[in-house]
Amino acid sequence: MFGMRRYRLFLVVAALSAATIYYLSRSGSWSLDDLEQLGQPNHRYDIPERPPVQDHIVEAPQPRPVPPPVSQDEDVPAVEDADTRVGERIVPVPVPTTTSKTSTTTPVRSRPTPTRPTGDEVLPKQPVVEQPEEGYGRYEVTSSDSAKARWKKPKAQYPLRAQDMIKLPSGAPQKLPKIQAAFSPETASSKQDRINKLNVIKESFRHAWNGYKTHGLPHDEVKPLSKSFADPFMGWGATLVDTLDTLWIMGLKQEFEDALVEVEKIDFKTSPRPDIPLFETVIRYLGGLLAAYDISASKYPMLLEKAEELADILMGAFDTPNRMPVTFYHWAPSKMSEPHRAGSHVTMAELGSLSVEMTRLAQITGNHEYYDAVARIVNELEMWQSNTLMPGLWPLKLDASGCKQALKASEKNAEDNKGMTETAGDKYPNGEEPAIMLNAGSLKTHTEPDADEDLVKRDMPLDDNDDEEDEEDEDLATSSKRISLSRQPSQKVLTEECIPQGLAPEKDAKTHTYGIGGQADSTYEYLPKMHALLRGRNKQYETMYLDSMTTIRNELLFRPMVKEKDRRILFAARREFRPKAKEVKKREETVYEVTHLSCFLGGMVGLGSKLFGIQDDLQLATELTDGCVWAYESMPTGVMPESASVVPCPSLDVCVWNETRWHEALDPRRDERFEAVRTWNKNQKAIYEKSKKQAMLEATTDKDEASTAEQRADRTRIKNDDLNVKRDAPITSAGKPSKTEPDLEFDEDIDAETEPPPVSSAISFTPKTALSHEKYVRARIQEERLPPSYTKIVDPHYGLRPEAIESVFHMYRITGDERWRKKGWQMFEAVQAATQTEIANAVVKDVTSVLGELGDTMESFWLAETLKYFYLLFSEPEVVSLDEWVLNTEAHPMKVEK
Numbered sequence: 004m005f006g007m008r009r010y011r012l013f014l015v016v017a018a019l020s021a022a023t024i025y026y027l028s029r030s031g032s033w034s035l036d037d038l039e040q041l042g043q044p045n046h047r048y049d050i051p052e053r054p055p056v057q058d059h060i061v062e063a064p065q066p067r068p069v070p071p072p073v074s075q076d077e078d079v080p081a082v083e084d085a086d087t088r089v090g091e092r093i094v095p096v097p098v099p100t101t102t103s104k105t106s107t108t109t110p111v112r113s114r115p116t117p118t119r120p121t122g123d124e125v126l127p128k129q130p131v132v133e134q135p136e137e138g139y140g141r142y143e144v145t146s147s148d149s150a151k152a153r154w155k156k157p158k159a160q161y162p163l164r165a166q167d168m169i170k171l172p173s174g175a176p177q178k179l180p181k182i183q184a185a186f187s188p189e190t191a192s193s194k195q196d197r198i199n200k201l202n203v204i205k206e207s208f209r210h211a212w213n214g215y216k217t218h219g220l221p222h223d224e225v226k227p228l229s230k231s232f233a234d235p236f237m238g239w240g241a242t243l244v245d246t247l248d249t250l251w252i253m254g255l256k257q258e259f260e261d262a263l264v265e266v267e268k269i270d271f272k273t274s275p276r277p278d279i280p281l282f283e284t285v286i287r288y289l290g291g292l293l294a295a296y297d298i299s300a301s302k303y304p305m306l307l308e309k310a311e312e313l314a315d316i317l318m319g320a321f322d323t324p325n326r327m328p329v330t331f332y333h334w335a336p337s338k339m340s341e342p343h344r345a346g347s348h349v350t351m352a353e354l355g356s357l358s359v360e361m362t363r364l365a366q367i368t369g370n371h372e373y374y375d376a377v378a379r380i381v382n383e384l385e386m387w388q389s390n391t392l393m394p395g396l397w398p399l400k401l402d403a404s405g406c407k408q409a410l411k412a413s414e415k416n417a418e419d420n421k422g423m424t425e426t427a428g429d430k431y432p433n434g435e436e437p438a439i440m441l442n443a444g445s446l447k448t449h450t451e452p453d454a455d456e457d458l459v460k461r462d463m464p465l466d467d468n469d470d471e472e473d474e475e476d477e478d479l480a481t482s483s484k485r486i487s488l489s490r491q492p493s494q495k496v497l498t499e500e501c502i503p504q505g506l507a508p509e510k511d512a513k514t515h516t517y518g519i520g521g522q523a524d525s526t527y528e529y530l531p532k533m534h535a536l537l538r539g540r541n542k543q544y545e546t547m548y549l550d551s552m553t554t555i556r557n558e559l560l561f562r563p564m565v566k567e568k569d570r571r572i573l574f575a576a577r578r579e580f581r582p583k584a585k586e587v588k589k590r591e592e593t594v595y596e597v598t599h600l601s602c603f604l605g606g607m608v609g610l611g612s613k614l615f616g617i618q619d620d621l622q623l624a625t626e627l628t629d630g631c632v633w634a635y636e637s638m639p640t641g642v643m644p645e646s647a648s649v650v651p652c653p654s655l656d657v658c659v660w661n662e663t664r665w666h667e668a669l670d671p672r673r674d675e676r677f678e679a680v681r682t683w684n685k686n687q688k689a690i691y692e693k694s695k696k697q698a699m700l701e702a703t704t705d706k707d708e709a710s711t712a713e714q715r716a717d718r719t720r721i722k723n724d725d726l727n728v729k730r731d732a733p734i735t736s737a738g739k740p741s742k743t744e745p746d747l748e749f750d751e752d753i754d755a756e757t758e759p760p761p762v763s764s765a766i767s768f769t770p771k772t773a774l775s776h777e778k779y780v781r782a783r784i785q786e787e788r789l790p791p792s793y794t795k796i797v798d799p800h801y802g803l804r805p806e807a808i809e810s811v812f813h814m815y816r817i818t819g820d821e822r823w824r825k826k827g828w829q830m831f832e833a834v835q836a837a838t839q840t841e842i843a844n845a846v847v848k849d850v851t852s853v854l855g856e857l858g859d860t861m862e863s864f865w866l867a868e869t870l871k872y873f874y875l876l877f878s879e880p881e882v883v884s885l886d887e888w889v890l891n892t893e894a895h896p897m898k899v900e901k
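Heads up, the sequence shown is in my numbering, so the first residue is 4 and it goes up one at a time.
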């Protein structure tokens, strides 16, 4: 007993000792006071109070980009930094880098040193949204009265020497062929009818313009249903600037001058939006200002001043190693101070549709810098044109960075990149990243590849020379997003990852798409227009146009199967390439589409047929334009959808309408549907049978268990009764109880079920029946409201687009055929009836429905393009003559110099 007490005492002492050691280890002090506190009740550890948290965390500095080396005769200020010079090479001093791993120490915090705001640190925070697939830069921002960042002219990261600048072509201008038809004098009645229509169109314009002035000015757009406004294009007043030349053309001179008062107030040096959508800004704002300056015979110098002010801001987007522009340009000083390169996921139209506006500005001002910016893009497109998957055309998405990232280098530095999960697209739109390559071959390291290794195979996507891979390997490679190069740990690592290249297919893309509709359209449109604007001084545009048209004619044009016997119409298809697809048939597919954005093609082909003397193309232009007119006429609202699919004829020859063939196209997977239902029935029946057996087994088991329990109870009762009988039995002479009754034996099979248990009523199976081909087709036509020839309405909305009436206008001016005016008027009446609201016009959500549901949007091109083309269609031929003016892709007229 005494030993047990002594053992308990030992345990108490040991526990107290352990507690003492633990406390002293936590306190870090072995003083007598600490020992005394152990015995005090309600003891709490004294944890030192942490300093208050400040708003600013001091982080390790990021490595500074290395400036490009320059020749000794250049007057470029030296850059002082912490880099160490070794011979002719600048070697960055290593700097500590941070990782995303959780640290066990408290971060060092301090008050930030007061500095003047220099960048987007004072921009209002905006919600992060994805750029639309079209890439055309709609990104609505909220205006703020708070302080904003202001643009200031940055120091060039990659200065262009004067001797390297590409200047406007000089020499005698070429005599261009006459484009417009020779119109006959009109009769008095036809003139009055034309003027009446002209006035109706003008009143429609006034209605929408007044709605914008009342509810939208000075914002980008008016919301025609809610009577509010929106700012998707920098908040500078997109509709205001976009509409200037329309006001002048329609003879609304007082409205024009009132609008100029508002234009003069625009401050292009600041915006609540952090990035400038280069394409949209050039075609709407810069094009609008230049056109208003030209159309008003240069009477308002302020317009040119504003155009130059805006252009000087935009020129920073071209300050990249390969001079390809950053299509979403971060204009704030803190961003401009960083070297950048063009994106690796760029929409072709955004890159190739800047030339008309910048060239015209160079012509007016004599500043060759503007022309140089776009001439370099055209040079790159020309070099690549014959080496793409469809020679003559370019893919819809491309890599303009000029930098091929070597996989080996990425793997080599994978360890350094741990914890860096931000992709280029997270921080920079369209994959635009800070530049890591200064100039091709300008920065040498011991790991730089030889010149032969720098060559890029341009007729295939990156890495397409590899053998066909497994789908799993392909998915893994594609899903491995590259880390933003701005987050790399050192300049040396960045340099190792860049191999110079020209324009190339989009990085990491499984599908490479070629077409002339959305994302590509205006690149091709500008080829003949630049030829006209430069008066043929540069043969480059003619050559590129002819090469592209050869491929368009041979590879993309198709004739849809339509009911009308004498209707000869054409559309342009889309081609998709998947070089690594397992199935051979999926490696190259043609999509027979009808899209509103591709409706410009008829006008372009008609213009090219006149400029370059291709007489046969005029018939193609007629059939392409009439195809879009047919698309308007085919809908119950009389308005064309954004995009749809149709049944093609086997060749470009006219084919007879075949109802059976249309129905087959509506049910292309009939055999698969039937097989899917058969497979489903088979699988469900197997599941039912298995469930039925399982239910029977479970029911039998439950019954057996119940029966066994009852039998055990009976056995226990019988044994107890037998024991009582034995106790009461007489004792024999042998001393044992006598048996007065025989022993009872237990029957194990008592109450056994001979019939299977009932199956739960919840388990049932009813075979499905596939819809017959006839019922399936009828259902699709009815539910999807499909007119004859259509197989799918991909996007049923109408966004007030101008492309169809643009081609109708061009065809009327080129041919003088009055039938185009009749077609155009029919289109106008349908569009006006479907879109007009109380204050303006709105987009139609579904052109296949007569319910008239509208969306709360009116883009600026409704006033800048659509109504302008309707108006010009019924104007006198000399108003904005195609022999004297070039219309940019936003219908802004640029003067062709004589």
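Heads up, the beta-carbon is just placed ideally off N, CA and C, and yes, glycines get one too.
Fair warning: this is a prediction, and the values are worked out from it, not measured in the lab.
Where residue i falls: helix, strand or coil (DSSP)
| i | result |
| --- | --- |
| residue 258 | helix |
| residue 332 | strand |
| residue 844 | strand |
| residue 224 | strand |
| residue 242 | helix |
| residue 153 | coil |
| residue 595 | coil |
| residue 795 | strand |
| residue 839 | strand |
| residue 581 | coil |
Cβ shell of residue i (< 8 Å), same chain only, five flanking positions each side left out
| i | result |
| --- | --- |
| residue 601 | 518, 519, 520, 521, 524, 574, 575, 806 |
| residue 546 | 385 |
| residue 774 | 676, 782 |
Sequence-distant residues of its chain with Cβ nearer than 6 Å to residue i (five each side left out)
| i | result |
| --- | --- |
| residue 236 | 223, 283 |
| residue 921 | This structure does not reach residue 921, given that the chain is present from 4 up to 901, and the question cannot be answered. |
| residue 444 | Its pLDDT being 34, under 50, residue 444 is placed unreliably in this model, and the coordinates cannot settle the point. |
From the options, residue whose alpha carbon lies closest to that of residue i
| i | options | result |
| --- | --- | --- |
| residue 396 | 686, 203, 319, 559 | 559 |
| residue 340 | 771, 332, 346 | 332 |
| residue 231 | 858, 895, 873, 696 | 858 |
| residue 279 | 297, 298, 312, 329 | 329 |
| residue 893 | 626, 173, 295, 679 | 295 |
| residue 541 | 264, 358, 207, 812 | 358 |
| residue 777 | 218, 512, 785 | 785 |
| residue 247 | 210, 269, 291 | 291 |
| residue 355 | 369, 865, 383, 856 | 383 |
Proximity below 8 Å, CB of residue i to CB of residue j
| i | j | result |
| --- | --- | --- |
| residue 3 | residue 794 | The requested residue 3 is not part of the displayed model; the chain covers only 4 to 901. |
| residue 538 | residue 188 | no |
| residue 632 | residue 564 | no |
| residue 250 | residue 266 | no |
| residue 318 | residue 365 | no |
| residue 200 | residue 828 | yes |
| residue 293 | residue 320 | no |
| residue 533 | residue 371 | no |
| residue 182 | residue 614 | yes |
Own chain partners of residue i with C-beta closer than 7 Å, once the 5 adjacent residues on each side are dropped
| i | result |
| --- | --- |
| residue 888 | 896, 897, 898, 899 |
| residue 737 | Here residue 737 scores only 43 on pLDDT, less than 50, and its place in the model should not be relied on; the value that follows carries that caveat. For residue 737, where only same-chain residues beyond five positions count, there are no Cβ hits under 7 Å. |
| residue 769 | none |
| residue 3 | No answer is possible for residue 3: the residues shown for the chain start at 4 and end at 901. |
Within-8 Å CB hit, residue i to chain D
| i | result |
| --- | --- |
| residue 556 | The structure shown contains no chain D; it is built from a single protein chain. |
Exercise. Does the region 785-799 come close enough to the region 575-594 that 3 or more CB-CB pairs lie under 8 Å?
Worked result: These segments do not touch.
For this session: Evaluate contact between the region 616-627 and the region 810-830, counting only Cβ atoms and requiring at least three cross-stretch pairs below 8 Å.
Result: Yes: at least three Cβ pairs fall under 8 Å.
Exercise. When the Cβ atoms of the region 868-880 are set against those of the region 196-216, are three or more pairs found closer than 8 Å?
Worked result: As far as the Cβ criterion goes, the region 868-880 touches the region 196-216, which means the pair count is three or higher.
For this session: Could you say if the region 543-557 and the region 668-682 meet the contact criterion of at least three C-beta pairs nearer than 8 Å?
Result: No, because fewer than three Cβ pairs between the region 543-557 and the region 668-682 fall closer than 8 Å, the two stretches do not touch.
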